[in-house]
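Below you'll find the structure, written out as structure tokens, and then a few comments.
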Amino acid sequence: MNWDDMRFLLAVAQAGSLKGAARSLGVDKTTVSRRLRALEKALGRQVVEVGGQGLGLTEFGRRLYRHAEVMQGEMQEVDTLTGANSDGGLGTVRLTAVPMVINHILVPAMGDLRAAAPGLRLELIAEARDLSLLRGEADIALRLARPTEGGQGVLARKLGDLDYAAFAARDAARDLPWIGYETRMQYLPQAAALTRAAEIEGVAQVSVNDAETLFRLVCSGHGKTLLPRIIGGAEPRLVELPFRHGALPRRELWLMLRRELRDLKRVRLVADWVEGVLSARMSQAQPACSPDHGEDGDNP
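The sequence shown begins at 1 in UniProt numbering and counts up one residue at a time.
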């Protein structure tokens, strides 16, 4: 086989179409199609297929893709070592987390990463669903629960716990209703706690399926809710409230990465940056309650 054909496999997997792959590689669609056919002929196996989401990889293609990414990363390391990569590029790292974590924790700290790794290209994938590391949907993931994916193919480490607290807009009325999650989201510990509180104090005429939307509703004064303290406590438009309806929820925070990528410089840089950002933010998040809401606002 021609090992250079692996570049075309990577491009198609990441773009999801021949046109997108051709654009990223600077060639035409015919060239991409021809090189993929040549790769399949050499391997004796189909690597791409057309599905409901467009052009994607077969099961064999996904397994091959993981090795192709490692090969690409190693070549980038060689280019950096020999000076062949004149622009100092480190390559691309795809990091996924729920939108709230990306928008309110990682994005504000991007300056530190750009200063430490000016040649790095970071793809931030804000997804509520858990993208698969083993299928190559992301390189690094932040999870708000103990991981169940991967086995020996994924490295996972707990970074700490996210404590939740009650928040409302600083200048909002005191008798706000609770804004919670739709019925399908009741498996979340914060959703269950909100339902418990709403049964006693009243629920708003709106519910959500995403914490980012919840955050925006509360900042706009439409109600009160539970948010991670490292996010709600850092938002000047919000004030922490007492919560009198049982223990406040807490969620584990895990960092995951694909085992075969752990020694790549760009992956190490991003993983270390994420860990540093989360460690700093969690250490700053202390229980607090505005004096306007009484002294009983400390969390249990």
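Beta carbons: idealized from backbone N, C-alpha and C, even for Gly.
Nothing here was measured: the structure is a model prediction, and the numbers come from that model.
Applying the 10 Å Cβ sphere with the 16-neighbour rule, what's the burial state of residue i?
| i | result |
| --- | --- |
| T225 | buried |
| E123 | exposed |
| A42 | exposed |
| G294 | Low per-residue confidence applies at G294: pLDDT is 35, beneath 50, and the placement is therefore not dependable enough to give any value. |
| E40 | buried |
| V107 | exposed |
| F243 | buried |
| G232 | buried |
| S86 | Bear in mind that the predicted position of S86 carries a pLDDT of just 47, short of 50, making it unreliable; the figure below should be weighed with that in mind. With fewer than 16 other Cβ atoms within 10 Å, it is exposed. |
| E240 | buried |
| R157 | exposed |
| E69 | buried |
| A280 | exposed |
| A116 | exposed |
| F60 | exposed |
Out of the options, which one is the CA nearest neighbour of residue i?
| i | options | result |
| --- | --- | --- |
| S24 | L10, W273, E182 and L188 | L10 |
| V98 | L238, K29 and I140 | I140 |
| G119 | T30, M282, V267 and S279 | V267 |
| A169 | I179, Q284, G202 and D163 | I179 |
| W273 | I200, R196, E235 and L159 | L159 |
| residue 302 | A247, G246 and L269 | Past the boundaries of the shown model lies residue 302; the chain is included only from 1 to 300, so the question cannot be answered. |
| V101 | L261, L253 and R262 | L253 |
| V32 | T58, D4 and G51 | D4 |
| V208 | E201, G223 and E199 | G223 |
| A204 | L194, R129, E212 and D210 | L194 |
| L64 | T30, F167 and V12 | V12 |
| P177 | K265, A145, G111 and R196 | R196 |
| P189 | S220, L144, A173 and E199 | L144 |
| A38 | L18, N2 and E201 | N2 |
| A172 | T148, T183, L162 and S220 | S220 |
| E201 | K265, L142 and D175 | D175 |
| A234 | A247, M282 and L142 | M282 |
Taking the beta strand (DSSP E) that residue i belongs to, which residues open and close that run?
| i | result |
| --- | --- |
| W254 | R250 to R258 |
| K29 | K29 -> not in any beta strand (DSSP E); alpha helix (DSSP H) instead, spanning K29 to L43. |
| T96 | G91 to A97 |
| G221 | Per DSSP, G221 belongs to no beta strand (DSSP E) and is neither H nor E. |
| W178 | W178 to Y181 |
| I105 | First-last for I105: undefined, no H or E at that position. |
| R143 | I140 to R143 |
| residue 302 | The structure shown does not extend to residue 302, since the chain is modelled only from 1 through 300, so no value can be given for it. |
| G136 | Run containing G136: none; DSSP gives neither H nor E here. |
| G51 | V48 to G51 |
I'd like the list of long-range same chain contacts for residue i, defined as Cβ closer than 8 Å, with 5 residues on each side in sequence excluded.
| i | result |
| --- | --- |
| residue 301 | Past the edges of the chain, shown from 1 to 300, lies residue 301, and the structure says nothing about it. |
| A138 | R94, L95, T96, I125, L131 and S132 |
| L155 | M256, L257, R258, R259 and R262 |
| N103 | A126 and E212 |
| A128 | V98, P99, N209 and D210 |
| L18 | V12, K29, V32, S33 and L55 |
| P236 | R170 |
Assuming residue i contacts residue j under a Cβ cut-off of 8 Å, what Cβ separation, rounded to an integer in Å, is found between them?
| i | j | result |
| --- | --- | --- |
| R62 | G151 | Between G151 and R62 the Cβ distance is about 16 Å, and since that is not below 8 Å, they are no contact. |
| L227 | Y181 | At roughly 12 Å, the Cβ-Cβ gap does not stay under 8 Å, so L227 and Y181 are not in contact. |
| V218 | A109 | No, V218 and A109 are not in contact; Cβ-Cβ is about 23 Å, not under 8 Å. |
| T58 | V48 | 7 Å |
| R121 | G91 | 7 Å |
| A22 | D28 | 6 Å |
| R45 | F8 | Actually they are not in contact, since the Cβ atoms of R45 and F8 sit about 15 Å apart, beyond 8 Å. |
| M6 | M75 | About 10 Å separates the two Cβ atoms, so there is no contact after all. |
CB-CB under 7 Å to residue i, same chain, minus the five flanking residues each way: which ones, in chain order?
| i | result |
| --- | --- |
| G83 | Unreliable placement is indicated for G83, whose pLDDT of 45 sits below 50; no coordinate value is reported for it. |
| R146 | E252 and W254 |
For the alpha helix (DSSP H) that contains residue i, what are its first and last residues?
| i | result |
| --- | --- |
| S24 | L18 to L25 |
| L9 | M6 to A15 |
| D163 | Counting along the chain, D163 falls outside any alpha helix (DSSP H), though it belongs to the beta strand (DSSP E) covering V154 to A169. |
| V124 | Sequence inspection shows Leu at residue 124; the Val mentioned does not correspond to that position. Element bounds for L124: not the alpha helix (DSSP H) but the beta strand (DSSP E), L120 to A126. |
| Q190 | P189 to E201 |
| R114 | M110 to A116 |
| V267 | K265 to Q284 |
| G232 | R229 to G232 |
Which same chain residues, not among the five before or five after residue i, have their C-beta less than 6 Å away from its C-beta?
| i | result |
| --- | --- |
| G153 | L134 and R259 |
| R229 | D163, A165 and A285 |
| L238 | F167 and G232 |
Verify the CB distance criterion: does residue i have a CB-CB separation below 8 Å to chain D?
| i | result |
| --- | --- |
| G153 | Protein chain content of the structure displayed is limited to a single chain, and chain D is not contained in it. |
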